[in-house]
Structure formats: structure tokens, C-alpha cells
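K.L.:
Structure below; questions to follow.
Number of protein chains: 2
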Amino acid sequence: MSYSMPHDDRLPLYQRLRDEFAARIAGQQWRPGDAIPTEAELVKAFGASIGTVRKAIDMLVADGMLERFQGRGTFVRRKRFESTMFRFFRFQNEAGERRIPQARILRRECVVAPSAVAAALRLPAGAEAIQMTRLRLLDDTPLLVESIWLPRERFAALLDIDTHDFGDLLYALYEERCGQVVASAEETLTAESVDAMHARLLQIQAGAPVIVVERLAYGYDRQPLEWRRSRGPADQFRYHVEIR
Amino acid sequence: MSYSMPHDDRLPLYQRLRDEFAARIAGQQWRPGDAIPTEAELVKAFGASIGTVRKAIDMLVADGMLERFQGRGTFVRRKRFESTMFRFFRFQNEAGERRIPQARILRRECVVAPSAVAAALRLPAGAEAIQMTRLRLLDDTPLLVESIWLPRERFAALLDIDTHDFGDLLYALYEERCGQVVASAEETLTAESVDAMHARLLQIQAGAPVIVVERLAYGYDRQPLEWRRSRGPADQFRYHVEIR
DNA sequence: AAGTGGTCTAGACCACCTG
DNA sequence: AGGTGGTCTAGACCACTTT
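If you read the protein sequences in the order shown, they are chains A and B.
For the record, in the first sequence the residue sitting at position 225 is 214 according to the working numbering, with numbers rising by one throughout.
For the record, in the second sequence the residue sitting at position 82 is 71 according to the working numbering, with numbers rising by one throughout.
As C-alpha cells, this is what we get:
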């Protein structure tokens, strides 16, 4: 294994180590679920002292890219992004069980990205995008309508698959079929009165309040991969924050 | 200065130091804005090594209780909690300037705390609480209706002040008049259709969507100090999160 | 028993800020 | 110039997990 470290010499060593480790995760040399080399091995390989190596690892743990287990090792974290909506919506049935909602693709087409979407995904004006509309349901009750936009270039493989075979976990599909791994995301929450179309899809009364979540998902290389806007009934919504 | 450290001997030293430092901040021996002793002094006073003292300080910096400045020192952070609503609501006028909204106390009374409030504030059943209703406005436009509950015992001094003299920053008043300093908070967001009373106060249409923010504020000693529920028009609301 | 991360030491030298 | 936090070293010993 070659331990090249160009980077910027002005940066502290622990920063350069952090970047080097992050690059290995991004480059799939260290894969999700795998153990990374032990601290002792990293010390030897990079010629840094244990404290410095640990500080670099600390940062990646804080970033959510690594996970430590005393006595076992340090592992690349498996991301479960499909479940982030659990932060916002109560995806539970009456018994209080938490379940993965079903997913139904209502539409999939290839269009020129609207300028707002192109800007978010950093695509040149006029670039093509895959647009999908997806309905999420729990026990056949609609919970969320999602409008999803993907850069056509990276995700062209999706156009060859029957939408009935997409399954319930889209990000797993991105990874398998397109080699695109979602590493982080930004979300913006707003609320509005539901319009006629979404009222029909969500089977709620016209004008009822809905929560709108806009999400921009990024790969390990910090390039935007996906933009989506999701709407769900406000009475199914609850979000908790701690402020310091 | 006595450096007693009872605590739990099974805890790592850096944890015990963290707790000791946190206690000094809670006990106002280290006051907001003040520099704490230098790392070298803490090393000498506690007989720990520099790395261990730094780790304890690191934790309090991450908790937002301390702030470090290279070359200057480490300081107890001044909290500006009154501005947390800026996270959620657009407190801006047409020119985009960010302003502190005006505040108007609509009601202040002393009542037996309802059981939900008593539970949140960890008060015994039947304990008395101060209940206030406050309206926040920007350029005379209502933005937020707040229902606030305080343990009567700690906040009795508020009952002696004319509500017109409360000013726009409630947490500063708690500190000045009652010696109660808010150190952290938890907030839960939900949304609903506005009821008749709040529609009138907020001057919006009946049934329009409103965001509901419930906040429980804690002191440095981690005791709950205040519970409040705020409602504002959904179209003034926007919240942004990063997910990793 | 062997191997892993967790805690802790006792310094050194550097970068930055203040008087 | 003197003092502060920032970085880094080169270990030691402990707690926990796995074989």
C-alpha cells in the first residue's frame, strides 16, 4: 500500500492524516463495515506518534465516517441514509413499531433540469436530469410524496431498470447500480398548506398543513448527487433538537 | 481556592476534571466572559498532565461552555439564547436586516402547574408556576405567540416587576433578577392548523399552518428552568440541518 | 493469551496575542 | 518579551474483545 501524502505542508499533521484517511474511505480502499489498520500500524506507516494518529481518527469519528470499538478495532461506518426521514416523521404503526415504509415509483423521466435544480446539483444550464416521483406508504397509508432529481450522467444505469424492481431503499440502489455512495446531506424544513395534487396523493384534506423537506445529498467527494423535495402531513411530523 | 473533587473514582480523570470545571461555571466561580486559569495552572492545581487537562477542556468547548483563543486564554462563553428563534424563523424585515423583535407580555399569572408542565420542569404535583403569554412582533407585525412556564420558587422575583419593564430579552431578565442562567435547551418542532385564538393573535387566517416549537431550557446545573411553547406562521419558518 | 482501543504521562517546541 | 493555547512526541499501563 502506497502511503503518499502530498497535501499542504502548512496544515497540521493530524489534519493531513485526517484528509488522507478520508480519501481512503472516499476511494473505497477502506470500505464501509471494514476495520481500518490498527493505531499501531498507522503510527508505523505514517511515522507519526500515537496521539497524533488518534486525533486524526477522533475527527473522522466526530464526522461520523469512522466508528471505534474498544478491543475490536476502528471501522468505516455503514451509512443508513434511507432512515434519515425517521428524524422527522413518525414512521410507526399503531403498535409503535418502527418499520421501513414501502416505496412506489409513480413516475420516472429524463428531462432538462430546471435552473434551481441544476444550480443545486452544480450542473451546467441545459443539462439533463432524471426526475422521479415516489410515494412512501406504511401499511398502505401514504406518508410522503418525494420528488427526486439526479444528474443523468452519473445515474444513467437507473433508466435500464424496471421501476417495480427499485425496492424500498433508493440509496442502496444508487450504490449497487451506479457506484454512487451518499456520504452526507443537508436538509431544509418548511411548512405550507397542501395543494390539490399532493392532497390527493397523500389522501388528506385540501389545505391541510404539510411539512416540506428539501434534501441535497453529497458523495464522499463532496459533489452533490441527488436533490429531493418531500412532503408529508404535518400531524405525522415531529423533530427534536438540542441547543447549546 | 479549594480544589475538592469527590465525584466517582471509577470515572476517567478527564471526565472528573470536566465535571469539576462545569461545576465552577455552574457555581459562578468562573463567570461568563472571564478567562479560566491557564492550562499550566490547572495542571499544577489538579496534578494531572497537560494532555488530560486539555481533553477535559476540549469536552467543555464541544459542549459550548468554554471558548479558546490561542495566545489569549480560555473563556467562559457568553450565551445569547434569546436569538435561538433565529434558527427557525425569519426575523427579518423586507430589507433583509436581522433585528431583535419587540416583545409584549399579554398575561402573567401564578397558577398550579398542569401535570405535563410539572413533569417537564420536574416539579412535584400541585406545585405553583408562573405562566406568561408573550407576543413577539417585528415592525408591529406579530411573528410569534409564546406561552411560558416557570417554577414559582426560583422566579418569584419576576412577580414584583411591572410587565411593561420586562424588555425584549427574557433570559437576560432571568439572570439579572432571579440569578437563573440558561445554559442549554431542547426544542421539539411540530406543525398544526392554527386555532381561532392564535389566528387572532397572529393576525392570520383561521386554519392556516403554524409551526409549534416547544422548548425546555436548562441551567448549568442541568435543572430545567423554563418550559415554553411558541407558535408562528409556517410561511415565516425555515430550518436547515446537516446530516452526517 | 494476544490484540485492540482507552487513558495518562511529562515534557518539547511552535504560533499567536498582549503589553 | 512574556504568556497563552496549538501541536507533537514516545512511550506506559489499563479495559475490553476475540481466539
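Don't be surprised by glycine CBs; every beta carbon is placed ideally from N, CA and C.
A quick note: this is a predicted structure, and the numbers were derived from the prediction, not measured.
1) For a contact defined as C-beta to C-beta under 8 Å, what are the partners of His322(A) on chain B?
2) Taking 8 Å as the threshold (C-beta atoms), are Ile119(A) and Leu147(A) in contact?
3) Is the CB of Ile237(B) under 8 Å away from at least one CB in chain A?
4) Can you round the beta-carbon distance between Gln91(B) and Asp157(B) to whole angstroms, since I take them to be within the 8 Å contact cut?
5) Name the chain B residues that come within less than 7 Å of Pro198(A), Cβ to Cβ?
6) Pick from Arg13(B), Tyr163(B), Ala102(B): whose alpha carbon is nearest that of Ile150(B)?
7) Check for me: the alpha helix (DSSP H) holding Ser104(B) runs from which residue to which?
8) In the DSSP output, what is Ala195(B) paired with across the bridge?
9) Following the continuous alpha helix (DSSP H) through Thr152(B), name the residue where it begins and the one where it ends.
10) Run the CB neighbour count on Ser(-7)(A), radius 10 Å, all protein chains shown included, and call it buried at 16 or more, exposed below.
11) What does Phe226(A) touch in chain B if you count any residue whose Cβ is under 7 Å from its own?
12) Tell me whether Ser182(B) is buried or exposed, calling it buried when 16 or more other Cβ atoms sit within 10 Å of its Cβ.
13) If distances are taken between C-alpha atoms only, which option among Tyr207(B), Pro222(B), Leu0(B) comes closest to Ile232(A)?
14) Going by the DSSP bridge assignment, what does Gln120(B) pair with across the sheet?
15) Are there 16 or more other CB atoms within 10 angstroms of the CB of His187(B), so buried, or fewer, so exposed?
16) Tell me whether Val202(A) is buried or exposed, calling it buried when 16 or more other Cβ atoms sit within 10 Å of its Cβ.
17) Please identify the residue among Glu142(B), Arg217(B), Leu127(B), Thr179(B) whose C-alpha is closest to the C-alpha of Val199(B).
18) Using a threshold of 8 Å, state whether the C-beta atoms of Leu126(A) and Arg97(A) are closer than that.
19) What did DSSP end up calling Arg125(A) once you bin it into helix, strand or coil?
20) So what does Ser173(A) bridge to, in DSSP terms?
21) My output table needs one value for Arg143(A): the three-state DSSP class, helix, strand or coil.
22) Which residue from Glu142(B), Ile193(B), Pro1(B), Leu132(B) puts its Cα closest to that of Ala102(B)?
23) Straight-line CA distance for Asn82(A) to Asp128(A)?
24) Would a C-beta distance cut-off of 8 Å place Leu205(B) and Glu175(B) closer than the cut-off?
25) State buried or exposed for Thr63(B), treating a residue as buried only when at least 16 other CB atoms are found within 10 Å of its CB.
26) Residue range of the alpha helix (DSSP H) that Arg7(A) falls in?
27) Where does Ala51(A) sit, in a helix, a strand or coil, going by DSSP?
28) Would Pro1(A) be called buried (16 or more neighbouring beta carbons within 10 Å of its own) or exposed?
29) Should Arg217(A) go down as buried or exposed, given a rule of 16 or more other Cβ atoms within 10 Å for buried?
30) By Cβ distance below 8 Å, which residues in the same chain neighbour Asp23(B) in space, the five residues on each side in sequence not counted?
31) Taking only three categories from DSSP, how would you classify Thr41(B)?
32) Does the beta-carbon of Phe273(A) have 16 or more other beta-carbons within 10 angstroms, so that it is buried, or is it exposed?
P.N.:
Reading it off the structure:
1) Coverage of chain A is limited to positions -10 through 233, which leaves residue 322(A) absent and any answer about it impossible.
2) yes
3) Beyond the ends of chain B as shown, which are -10 and 233, falls residue 237(B); an answer cannot be given.
4) 6 Å
5) What Pro198(A) touches in chain B: Ala180, Glu181, Ser182, Pro198, Ala223.
6) Tyr163(B)
7) 104 to 109
8) Looking at the DSSP assignment, Ala195(B) forms no beta bridge with any residue, so it has no partner.
9) That residue, Thr152(B), is in no alpha helix (DSSP H); it is neither H nor E in DSSP.
10) Note that Ser(-7)(A) scores 46 on pLDDT, short of 50, meaning its location in the model is unreliable; the coordinates nonetheless yield the value given after this. The residue is exposed, with fewer than 16 neighbouring Cβ atoms inside 10 Å.
11) The CB of Phe226(A) comes closer than 7 Å to the CB of Thr179, Ala180 in chain B, given here in chain order.
12) buried
13) Tyr207(B)
14) Glu98(B), Trp138(B)
15) buried
16) buried
17) Thr179(B)
18) In this structure, the beta-carbon distance from Leu126(A) to Arg97(A) does not fall below 8 Å.
19) strand
20) Tyr207(A)
21) helix
22) Closest by alpha carbon: Glu142(B).
23) In this predicted model, Asn82(A) has a pLDDT of only 49, less than 50, meaning its place in the structure is not dependable; the value taken from the coordinates is given anyway. Between Asn82(A) and Asp128(A), the C-alpha separation is close to 8 Å.
24) yes
25) By the beta-carbon neighbour count (other beta carbons within 10 angstroms, threshold 16), Thr63(B) is buried.
26) 2 to 15
27) Three-state DSSP puts Ala51(A) in a helix.
28) Burial check for Pro1(A): the Cβ neighbour count within 10 Å stays below 16, so the residue is exposed.
29) Buried, by the Cβ-count rule.
30) Phe64, Val65
31) helix
32) A query on residue 273(A) cannot be resolved here, the shown segment of chain A reaching from -10 to 233 and no further.
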